[in-house]
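Asker:
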Amino acid sequence: MDEKTTITEATAPSSADEERPYLFLHGIGRQFHQGDSTLDVLKGTELAVWSGQSVALVAPSGAGKSTLLHIAGLLEHADSGEVYIDALATSNLSDIQRTRIRRNDIGFVYQFHHLLPEFSALENVTLPQMIRGLSRNQATARAVELLTYLGLKDRLTHRPAELSGGEQQRVAIARAVANAPRLLLADEPTGNLDAHTANHVFATLAQLVRASGLAAIIATHNLDLAAQMDRRVTIRDGAVVELT
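The structure is reproduced here in C-alpha coordinates:
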(Lines of atoms letter the chains of each structure in order from A and count residues from 1; the text may use other names and numbers.)
(Lines give C-alpha, C1' and ligand atoms only; values in the text may rest on other atoms or scores of the structure.)
Protein backbone atom coordinates (compact mmCIF):
# COMPACT_ATOMS: atom_id res chain seq x y z
CA MET A 1 0.00 0.00 0.00
CA ASP A 2 1.54 3.31 -1.02
CA GLU A 3 1.53 6.38 1.20
CA LYS A 4 -1.32 8.11 -0.65
CA THR A 5 -3.50 5.03 -0.22
CA THR A 6 -2.60 4.91 3.47
CA ILE A 7 -3.64 8.51 4.00
CA THR A 8 -6.70 8.75 1.78
CA GLU A 9 -8.26 5.30 1.98
CA ALA A 10 -7.24 3.36 5.05
CA THR A 11 -8.37 6.17 7.36
CA ALA A 12 -11.61 6.95 5.52
CA PRO A 13 -15.00 6.64 7.23
CA SER A 14 -16.83 3.48 6.30
CA SER A 15 -20.01 5.19 5.12
CA ALA A 16 -20.30 5.43 1.36
CA ASP A 17 -21.79 8.90 1.76
CA GLU A 18 -18.60 10.15 3.39
CA GLU A 19 -15.98 8.81 0.99
CA ARG A 20 -14.86 12.25 -0.19
CA PRO A 21 -12.70 14.10 2.34
CA TYR A 22 -13.55 17.71 3.09
CA LEU A 23 -9.85 18.63 3.08
CA PHE A 24 -7.32 16.89 0.84
CA LEU A 25 -3.69 17.95 0.64
CA HIS A 26 -2.23 16.31 -2.46
CA GLY A 27 1.49 16.23 -3.22
CA ILE A 28 2.20 19.37 -1.17
CA GLY A 29 5.74 20.68 -1.38
CA ARG A 30 7.11 23.67 0.52
CA GLN A 31 10.65 24.95 0.53
CA PHE A 32 12.41 27.73 2.38
CA HIS A 33 15.64 29.27 1.15
CA GLN A 34 18.34 30.17 3.66
CA GLY A 35 21.24 31.83 1.92
CA ASP A 36 22.64 29.31 -0.56
CA SER A 37 20.83 26.36 1.01
CA THR A 38 17.27 25.11 0.55
CA LEU A 39 15.21 23.54 3.32
CA ASP A 40 12.50 21.13 2.20
CA VAL A 41 9.86 21.37 4.93
CA LEU A 42 7.11 19.47 3.11
CA LYS A 43 7.84 16.99 0.32
CA GLY A 44 4.94 15.44 -1.58
CA THR A 45 2.74 15.61 1.50
CA GLU A 46 -0.62 13.81 1.41
CA LEU A 47 -3.35 14.28 4.01
CA ALA A 48 -7.11 13.80 3.90
CA VAL A 49 -9.55 14.81 6.62
CA TRP A 50 -13.26 14.03 6.59
CA SER A 51 -16.15 15.99 8.06
CA GLY A 52 -16.71 15.11 11.70
CA GLN A 53 -13.15 13.81 12.05
CA SER A 54 -10.48 15.22 14.34
CA VAL A 55 -6.83 14.71 13.44
CA ALA A 56 -4.04 15.38 15.92
CA LEU A 57 -0.84 16.58 14.27
CA VAL A 58 2.00 15.57 16.59
CA ALA A 59 5.51 16.60 15.63
CA PRO A 60 8.49 18.44 17.17
CA SER A 61 9.10 22.13 16.64
CA GLY A 62 10.52 22.83 13.21
CA ALA A 63 8.99 19.76 11.58
CA GLY A 64 6.52 21.84 9.58
CA LYS A 65 3.30 21.71 11.61
CA SER A 66 2.53 25.42 11.32
CA THR A 67 3.50 25.45 7.64
CA LEU A 68 1.11 22.58 6.93
CA LEU A 69 -1.71 24.34 8.81
CA HIS A 70 -1.05 27.62 6.99
CA ILE A 71 -1.19 25.88 3.61
CA ALA A 72 -4.33 23.92 4.57
CA GLY A 73 -5.95 27.17 5.71
CA LEU A 74 -5.01 29.02 2.51
CA LEU A 75 -2.87 31.46 4.45
CA GLU A 76 0.22 30.37 2.54
CA HIS A 77 0.80 29.02 -0.95
CA ALA A 78 2.49 25.66 -1.48
CA ASP A 79 5.39 25.47 -3.93
CA SER A 80 3.84 22.37 -5.49
CA GLY A 81 0.79 20.17 -5.11
CA GLU A 82 -2.84 21.05 -4.57
CA VAL A 83 -5.13 21.89 -1.66
CA TYR A 84 -8.67 20.63 -2.23
CA ILE A 85 -11.43 22.01 0.00
CA ASP A 86 -14.73 20.24 -0.50
CA ALA A 87 -13.28 18.89 -3.78
CA LEU A 88 -12.43 22.42 -5.00
CA ALA A 89 -8.85 22.92 -6.18
CA THR A 90 -7.62 26.16 -4.61
CA SER A 91 -4.14 26.81 -6.03
CA ASN A 92 -5.36 28.97 -8.91
CA LEU A 93 -8.02 30.89 -7.00
CA SER A 94 -7.69 34.65 -6.67
CA ASP A 95 -6.81 36.24 -3.33
CA ILE A 96 -10.43 37.38 -3.02
CA GLN A 97 -11.71 33.83 -3.56
CA ARG A 98 -9.22 32.39 -1.06
CA THR A 99 -10.19 35.04 1.48
CA ARG A 100 -13.87 34.19 1.01
CA ILE A 101 -13.18 30.53 1.74
CA ARG A 102 -11.15 31.41 4.83
CA ARG A 103 -13.90 33.70 6.09
CA ASN A 104 -16.82 31.37 5.42
CA ASP A 105 -15.47 27.84 5.66
CA ILE A 106 -12.39 27.79 7.89
CA GLY A 107 -11.97 28.51 11.59
CA PHE A 108 -8.56 29.16 13.18
CA VAL A 109 -7.41 28.73 16.79
CA TYR A 110 -3.90 29.71 17.81
CA GLN A 111 -1.70 29.16 20.86
CA PHE A 112 -2.48 32.70 22.04
CA HIS A 113 -6.17 33.59 22.10
CA HIS A 114 -5.89 36.96 20.25
CA LEU A 115 -9.17 38.18 21.76
CA LEU A 116 -10.03 41.88 21.52
CA PRO A 117 -9.22 43.15 25.03
CA GLU A 118 -11.78 45.96 25.10
CA PHE A 119 -14.71 43.65 24.36
CA SER A 120 -16.46 41.06 26.49
CA ALA A 121 -16.43 37.33 25.78
CA LEU A 122 -19.89 37.64 24.26
CA GLU A 123 -18.87 40.57 22.06
CA ASN A 124 -15.72 38.78 20.87
CA VAL A 125 -17.86 35.94 19.55
CA THR A 126 -20.66 38.18 18.27
CA LEU A 127 -18.57 40.58 16.19
CA PRO A 128 -17.23 38.12 13.57
CA GLN A 129 -20.79 37.02 12.85
CA MET A 130 -22.00 40.60 12.40
CA ILE A 131 -19.07 41.27 10.04
CA ARG A 132 -20.27 38.33 7.98
CA GLY A 133 -23.76 39.83 7.82
CA LEU A 134 -25.84 38.40 10.66
CA SER A 135 -28.03 40.76 12.65
CA ARG A 136 -26.95 41.63 16.17
CA ASN A 137 -29.78 39.54 17.63
CA GLN A 138 -28.88 36.48 15.55
CA ALA A 139 -25.17 36.82 16.28
CA THR A 140 -25.74 37.33 20.00
CA ALA A 141 -28.04 34.33 20.24
CA ARG A 142 -25.51 32.05 18.58
CA ALA A 143 -22.66 33.46 20.69
CA VAL A 144 -24.60 32.78 23.88
CA GLU A 145 -25.35 29.24 22.70
CA LEU A 146 -21.71 28.51 21.87
CA LEU A 147 -20.26 30.02 25.03
CA THR A 148 -22.81 28.20 27.16
CA TYR A 149 -21.95 24.93 25.42
CA LEU A 150 -18.30 25.58 26.25
CA GLY A 151 -19.10 26.13 29.93
CA LEU A 152 -18.90 29.94 29.94
CA LYS A 153 -22.53 30.85 30.63
CA ASP A 154 -21.55 32.85 33.72
CA ARG A 155 -18.65 34.64 32.03
CA LEU A 156 -20.39 36.25 29.04
CA THR A 157 -19.85 39.85 30.13
CA HIS A 158 -16.26 39.41 31.29
CA ARG A 159 -13.41 40.91 29.28
CA PRO A 160 -10.37 38.74 28.40
CA ALA A 161 -8.28 40.16 31.27
CA GLU A 162 -10.98 38.99 33.69
CA LEU A 163 -10.91 35.41 32.36
CA SER A 164 -8.52 32.57 33.15
CA GLY A 165 -6.23 31.22 30.45
CA GLY A 166 -8.50 28.25 29.84
CA GLU A 167 -11.56 30.48 29.66
CA GLN A 168 -9.84 32.82 27.20
CA GLN A 169 -8.98 29.90 24.94
CA ARG A 170 -12.53 28.55 25.08
CA VAL A 171 -13.78 31.97 23.98
CA ALA A 172 -11.28 31.82 21.12
CA ILE A 173 -12.65 28.41 20.14
CA ALA A 174 -16.21 29.76 20.22
CA ARG A 175 -15.13 32.67 18.02
CA ALA A 176 -13.44 30.29 15.57
CA VAL A 177 -16.61 28.26 15.05
CA ALA A 178 -19.13 31.11 15.35
CA ASN A 179 -19.55 31.43 11.59
CA ALA A 180 -20.18 27.68 11.26
CA PRO A 181 -17.00 26.78 9.36
CA ARG A 182 -16.59 23.28 7.98
CA LEU A 183 -12.86 23.08 8.69
CA LEU A 184 -11.13 23.91 11.97
CA LEU A 185 -7.35 24.38 12.18
CA ALA A 186 -5.77 24.74 15.63
CA ASP A 187 -2.06 25.40 16.19
CA GLU A 188 -1.02 24.35 19.71
CA PRO A 189 -4.32 25.63 21.20
CA THR A 190 -3.37 24.50 24.71
CA GLY A 191 0.33 25.35 24.56
CA ASN A 192 0.05 28.17 27.11
CA LEU A 193 -2.12 26.25 29.59
CA ASP A 194 -1.34 24.05 32.58
CA ALA A 195 -1.89 20.30 32.17
CA HIS A 196 -5.30 20.16 33.87
CA THR A 197 -6.70 23.15 31.99
CA ALA A 198 -5.20 21.93 28.71
CA ASN A 199 -6.92 18.57 29.10
CA HIS A 200 -10.27 20.24 29.76
CA VAL A 201 -9.97 22.62 26.79
CA PHE A 202 -8.80 19.83 24.49
CA ALA A 203 -11.67 17.53 25.51
CA THR A 204 -14.14 20.35 24.97
CA LEU A 205 -12.67 21.05 21.55
CA ALA A 206 -12.90 17.38 20.55
CA GLN A 207 -16.52 17.24 21.71
CA LEU A 208 -17.37 20.37 19.73
CA VAL A 209 -15.79 18.95 16.55
CA ARG A 210 -17.88 15.78 16.77
CA ALA A 211 -21.09 17.60 17.65
CA SER A 212 -20.78 20.10 14.80
CA GLY A 213 -19.44 17.74 12.11
CA LEU A 214 -16.28 19.76 11.53
CA ALA A 215 -13.18 18.45 9.86
CA ALA A 216 -10.36 19.40 12.22
CA ILE A 217 -6.57 19.35 12.37
CA ILE A 218 -5.15 20.14 15.80
CA ALA A 219 -1.39 20.52 16.24
CA THR A 220 -0.04 19.55 19.65
CA HIS A 221 3.10 18.27 21.35
CA ASN A 222 1.08 16.38 23.94
CA LEU A 223 0.56 12.70 23.12
CA ASP A 224 -1.98 12.24 25.91
CA LEU A 225 -4.13 15.02 24.46
CA ALA A 226 -3.63 13.71 20.93
CA ALA A 227 -5.02 10.35 22.07
CA GLN A 228 -8.43 12.04 22.45
CA MET A 229 -8.59 12.71 18.70
CA ASP A 230 -9.93 10.31 16.07
CA ARG A 231 -6.57 10.06 14.30
CA ARG A 232 -2.96 10.93 15.00
CA VAL A 233 -0.41 11.88 12.35
CA THR A 234 3.13 13.23 12.36
CA ILE A 235 5.56 14.76 9.87
CA ARG A 236 8.66 12.72 9.01
CA ASP A 237 11.12 13.85 6.37
CA GLY A 238 8.55 16.23 4.98
CA ALA A 239 5.76 13.64 4.67
CA VAL A 240 2.65 13.12 6.77
CA VAL A 241 2.63 9.68 8.39
CA GLU A 242 -0.19 8.02 10.32
CA LEU A 243 0.49 7.06 13.94
CA THR A 244 -1.16 4.00 15.44
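In this note's numbering, the protein residues as written are 906 to 1149.
Glycine included, C-beta positions come from ideal geometry on N, C-alpha and C.
Owing to the predicted nature of the structure, the values given are computational and were not obtained by experimental measurement.
Assuming the contact rule is C-beta atoms closer than 8 Å, His1019 and Ala1077 should be a hit. Round their C-beta distance to whole Å, please.
Answerer: The sequence position of residue 1019 within the sequence shown is 114, counting from 1. The sequence position of residue 1077 within the sequence shown is 172, counting from 1. Confirmed, Cβ separation roughly 7 Å.
Asker: The alpha helix (DSSP H) with Arg1064 in it runs from where to where?
Answerer: Within the sequence shown, numbered from 1, the residue matching residue 1064 stands at position 159. Per DSSP, Arg1064 lies in no alpha helix (DSSP H) segment and is marked neither H nor E.
Asker: Mind checking which residues open and close the alpha helix (DSSP H) that includes Gln1043?
Answerer: As a first step, residue 1043 must be located in the sequence shown, where it is residue number 138. First-last of the alpha helix (DSSP H) with Gln1043: 1041 to 1054.
Asker: Please report the residue range of the alpha helix (DSSP H) in which Phe1107 lies.
Answerer: The residue labelled residue 1107 in the question sits at position 202 within the sequence shown. Annotation: the continuous alpha helix (DSSP H) that includes Phe1107 extends over 1100 to 1117.
Asker: Mapping the DSSP letters down to three states, classify Ala1121 as helix, strand or coil.
Answerer: As a position in the sequence shown, residue 1121 is number 216, starting the count at 1. In the structure shown, Ala1121 sits in a strand (DSSP, three-state: E or B).
Asker: Using the C-alpha atoms, what's the distance from Val1014 back to Ala921?
Answerer: As a position in the sequence shown, residue 921 is number 16, starting the count at 1. As a position in the sequence shown, residue 1014 is number 109, starting the count at 1. Caution applies to Ala921, whose pLDDT of 41 falls short of 50 and renders its modelled position unreliable; the model cannot decide the point.
Asker: Assuming contact is defined by CB atoms lying nearer than 7 Å, are Ala964 and Ile1140 in contact in what I supplied?
Answerer: Within the sequence shown, the letter at position 59 stands for residue 964. Within the sequence shown, the letter at position 235 stands for residue 1140. For Ala964 and Ile1140, yes; Cβs fall inside 7 Å.
Asker: If you follow the alpha helix (DSSP H) that Gly949 is part of, which residue opens it and which one closes it?
Answerer: Locating residue 949 in the sequence shown gives position 44, counting from the first residue. Segment 942 to 954 is the beta strand (DSSP E) holding Gly949; no alpha helix (DSSP H) there.
Asker: Measuring CA to CA, which of Phe937, Ala1046, Gly1012, Glu987 is closest to Leu1113?
Answerer: Numbered from 1 along the sequence shown, position 208 holds the residue referred to as residue 1113. The shortest Cα separation from Leu1113 among Phe937, Ala1046, Gly1012, Glu987 belongs to Gly1012.
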